[in-house]
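Structure first, commentary second.
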DNA sequence: TAAATTCCTATTGACAAAATAGGAATTAAA
DNA sequence: TTTAATTCCTATTTTGTCAATAGGAATTTA
């Protein structure tokens, strides 16, 4: 599985925020109810989105989150990356993992690099606004 | 991660068999040495390839495996699928998993369906022969 | 008969994903 | 000024899958 609940939850939060653009700050409680996810679990995704600067947060009563730019200016790729860390289809293409010793001679690596490009091209071509129908 | 060592090993076996097409049966021991993988681990991948009819096996001394059709007639997709079971980018698109209750209203599902198509189109367009340089 | 092989089943270890928990810090509103 | 609602922080637990190993049975050629 390439995209886990972390990435999916990040995307759900963003879609919900986009659907309520202009309503000021939206609380995670509201989002959790609408998206039928646990508040506690969404909190970790929201924290990552906030750390990445994709959303603006406000603490305290009547606080919550809102988008930091128009929905059409977010790519799906950047949102998923904030939740997943990496979208590489194989571990040897993740920056975090140790470089593979056989990379020079591996006959399958070029294929996986191409696949990675195909995936990233697609996810970079989709915006958050595209997901609202 | 979408493609694990199971899929990668299946592909490595097939590439090695393709590189030795016409040499008769090739033993897993030879493949394990060339690809620097453990014999025991490759065995499970080979068994799946055999069960799927992608290779022909011969038991006993001087036995081994060989391709069941020309290398150019295999898609990379079918090989990876034999190792992975599913190449779906999200669990809710796997046949094996229980259907998602929110599928009707989920705003992210259409995107993931598109992504799945993009991936499968690419992997179906590549043949085993393409991997030999 | 011996050696080389695929085949079968089971088990273990390691790690990541998934989910939950409790409470601290903050802030608007009553 | 207090209270309630919220984000924020850290930790823990549970669960599941991946990865790898192990031992031996069945088969077949030399």
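Chains as they are written, first to last, in this note's numbering: chain V, 3 to 135; chain R, 3 to 135. Yeah, the Cβ is synthetic: ideal placement off N, Cα and C, and Gly gets one too.
By the CB criterion at 8 Å, residue 82(R) and residue 109(V) fall outside the cutoff. Against chain V, the CB of residue 91(R) has a partner CB under 8 Å away; the residue lies at that interface.
Looking at the backbone, the Cα of residue 120(R) and that of residue 125(V) are separated by about 10 Å. Under the Cβ distance rule, residue 110(R) counts among the residues neighbouring chain V, one pair being separated by less than 8 Å.
The residues 8, 11, 12, 15, 85, in chain order, have a CB closer than 8 Å to that of residue 47(V) in the same chain once the five nearest residues on each side in sequence are set aside.
The beta carbon of residue 37(R) sits closer than 7 Å to the beta carbons of 14, 18 from its chain, once the five residues preceding and following it are set aside; these are given in chain order. Per DSSP, residue 68(V) is one residue of the beta strand (DSSP E) stretching across 66–69. The stretch 67–76 of chain V and the stretch 25–44 of chain V touch, with no fewer than 3 CB-CB distances between them shorter than 8 Å. The beta-carbon of residue 113(R) is placed less than 8 Å from the nearest beta-carbon of chain V. Annotation: residue 57(V) is outside any alpha helix (DSSP H); the continuous beta strand (DSSP E) that includes it extends over 57–60. When Cβ-Cβ separations below 8 Å define contact, residue 28(R) makes no contact with chain V.
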